[in-house]
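To start, the structure itself, in structure tokens.
Residue numbers (full-length UniProt numbering): 1 to 588.
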């Protein structure tokens with residue numbers, strides 16, 4: 001095998017294409033690759049153990065993408081996944097699309113049909129490039145064996161630069177042969193440092209913030225990824241500006257900070273929404289201000305219509321994409337925040353803290369916290385899902401990482417999850433696919449082996465991911481899966497309650513006791529039917545450091561509001577055979 005010291009020389013040496021690929025992965029700091037073994041890439045796979053790369057064999061390739069996504073969000077190192085050409089790669093479509101909307105750097109090593117047979121509809125042949133074009137930042141095709149390392153470098157360069165997945169498509173016969181190559185270090189082919197943006201725009205932003213009567217900051221994923229949350233806090237403290245966090249990025253500002261008001265978006269914080277509603281200037285740092293993440297919630301149309309928005313984002317495509325801005329700054333969240341703070345401080349070195357604003361923030365938070373507890377303490381049969389979430393959060397250590405799925409209970413967790421450290425909240429985000437949280441938790445655990453990791457999953461989503469318990473047991477990954485079992489696809493069921501007169505089609509589901517299933521797979525399992533048992537069992541499971549599944553039975557009638565009030569309508573029916581289904585015909 002070619003030694004990594006060759007990367008320090010200025011000459012090319014003979015190696016196989018597989019060796020060139022693996023050595024490029026080593027240079028990029030890749031420690032794990034996720035997938036299912038396949039003949040198409042076996043020559044490369046054979047090198048992994050000697051290269052120090054751990055191959056994580058999953059049970060379904062979709063899980064590989066979610067694991068890599070979460071691994072990257074926690075570690076900062078681009079995740080790498082691989083699968084058999086054809087069905088192995090197409091199984092990854094959903095998780096790659098999710099990573100794309102989550103702005104997660106990722107490289108998909110995509111073996112394709114061999115060059116002698118392309119276009120013959122051979123065994124396991126598919127046009128993988130065309131399938132992935134719309135769900136990746138780029139598709140990079142290897143056209144000759146001499147280009148394998150060069151194309152892989154390009155894939156990593158784009159993945160980091162544009163913050164998203166890149167498909168590296170290589171015909172399976174191009175893993176074999178020989179070439180001469182120099183293994184470059186990342187600094188030789190990509191630049192990671194980002195600037196703070198246009199000085200004139202920063203000056204304009206500072207003037208707006210200085211003169212604002214009700215400034216509010218929204219901190220997003222960009223602040224987390226750039227290690228810029230402390231810089232955001234400095235601006236907030238200088239201005240006495242409340243700070244909300246963007247949808248499902250509850251770790252983008254410490255919850256215990258006096259100016260923190262919590263998350264916006266579906267099932268977010270009323271304290272954040274009431275605060276934002278009054279803003280005259282909004283500083284949005286490292287967030288694209290997604291449409292779904294800024295929709296009205298709790299019947300509060302909170303996103304300000306007339307506020308001057310200052311949007312800071314590394315990607316110019318996101319500036320003013322969803323909301324018109326007064327100032328758009330293309331820059332790194334931390335670098336730009338540092339620059340804004342420096343200029344604010346230069347103009348006003350010792351600003352007076354606005355005690356009235358602090359008091360207002362404190363009051364709103366206190367009222368919202370009490371409402372959350374009151375809602376949770378209502379009786380449920382057997383457990384109010386909010387009570388289960390409340391008890392779960394009480395049991396979580398300060399450094400716990402929590403992944404959350406999409407669904408009625410999982411999304412309600414947005415109101416209850418609080419973090420004081422970054423890279424703790426790994427959520428499904430706006431692609432909204434079920435089956436995300438558990439494989440994501442496995443990836444997060446691999447990125448930070450000593451941290452306690454918990455997945456919040458509904459029983460519907462669990463059906464799409466429970467097979468990975470075998471992976472957790474096999475690889476000894478001590479994630480605790482909290483399965484909220486209400487025997488239904490509850491988000492859809494709530495739509496049928498509110499819009500379809502309690503007509504349940506496809507939303508009621510039956511399943512086994514998932515704790516017993518977990519035990520049969522070699523994991524630990526606990527069945528919980530009393531609210532007071534949640535916290536102690538979670539604490540025990542985290543202490544045991546074993547793969548564990550908690551089957552938490554919760555009330556299937558205590559449901560959060562519909563996800564998409566903006567997209568749902570009361571049903572009209574015109575044909576006589578369907579007239580009884582018209583909303584005007586319902587008996588009230």
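Backbone N, C-alpha and C define an ideal beta-carbon position, used for all residues, glycine too.
Item                                                                                                       : Value
Cα-Cα separation, residue 285 to residue 550                                                               : 37 angstroms
Proximity to residue 555 [Cα-Cα], best of 508, 537, 114                                                    : 508
Beta-carbon proximity of residue 589 to residue 335, cut-off 8 angstroms                                   : For residue 589 there is no data in the structure shown, the boundaries of the chain being 1 and 588.
Boundaries (first-last residue) of the beta strand (DSSP E) holding residue 548                            : 548–553
Candidates 427, 239, 352: closest to residue 342 by CA position                                            : 239
Best match in 566, 578, 571 for proximity to residue 266 [C-alpha to C-alpha]                              : 566
Alpha-carbon spacing of residue 12 relative to residue 448, whole angstroms                                : 36 angstroms
Residue from 382, 388, 363 whose Cα sits closest to the Cα of residue 373                                  : 388
Backbone CA spacing between residue 203 and residue 243 [nearest angstrom]                                 : 21 angstroms
Three-state class that DSSP yields for residue 323 in the structure shown                                  : coil
Alpha carbon of residue 322 to alpha carbon of residue 198, nearest angstrom                               : 21 angstroms
DSSP state of residue 377 mapped onto helix, strand, coil                                                  : coil
Opening and closing residue of the beta strand (DSSP E) in which residue 54 lies                           : 54–57
Cα-Cα separation between residue 361 and residue 252, rounded to whole angstroms                           : 18 angstroms
Alpha carbon of residue 183 to alpha carbon of residue 23, nearest angstrom                                : 7 angstroms
Three CB pairs or more closer than 8 angstroms across the region 109–123 and the region 56–76              : no
Residues that residue 484 bridges to, as DSSP identifies them                                              : 458, 552
Interface flag, residue 272 vs chain B, CB-CB below 8 angstroms                                            : No chain B appears in this structure, which consists of one protein chain only.
Residue 81 beta carbon less than 8 angstroms from that of residue 129                                      : no
Where the alpha helix (DSSP H) through residue 154 begins and ends                                         : 148–162
Between the CA atoms of residue 557 and residue 499 - distance to the nearest angstrom                     : 15 angstroms
Whole-angstrom distance between residue 475 and residue 522, CA atom to CA atom                            : 12 angstroms
Close beta carbons around residue 92, own chain, < 8 angstroms, minus the five adjacent residues each side : 61, 62, 64, 65, 81, 83, 108
Range of the contiguous alpha helix (DSSP H) that encloses residue 141                                     : First-last for residue 141: 138–141, but that is the beta strand (DSSP E), not the alpha helix (DSSP H).
Endpoints, the alpha helix (DSSP H) within which residue 390 is located                                    : 385–395
Secondary structure of residue 1, DSSP reduced to three states                                             : In this prediction, residue 1 has a pLDDT of 37, which is less than 50 and means its spatial position is unreliable; what the coordinates show is noted afterwards. Note: residue 1 maps to coil in three-state DSSP.
Candidates 18, 104, 186: closest to residue 47 by CA position                                              : 18
Distance CB(residue 100)-CB(residue 164) smaller than 8 angstroms                                          : yes
Assigned secondary structure, residue 106 (DSSP; H/G/I helix, E/B strand, else coil)                       : strand
Simplified DSSP assignment, three categories, for residue 169                                              : strand
Closest residue to residue 452 among 171, 487, 478 (Cα-Cα distance)                                        : 478
Segment contact flag, the region 439–446 with the region 381–397, C-beta cutoff 8 angstroms, min 3 pairs   : no
Distance between residue 25 and residue 5 (C-alpha atoms, nearest Å)                                       : Model confidence at residue 5 stands at a pLDDT of 43, short of 50, so the residue's coordinates are unreliable; what they give is reported in the following sentence. Answer to the nearest angstrom: the Cα atoms are 14 angstroms apart.
Nearest-angstrom Cα separation, counted from residue 59 out to residue 467                                 : 6 angstroms
CB of residue 186 within 8 angstroms of CB of residue 27, strictly                                         : yes
Residue 44 to residue 226 span [Cα, whole Å]                                                               : 33 angstroms
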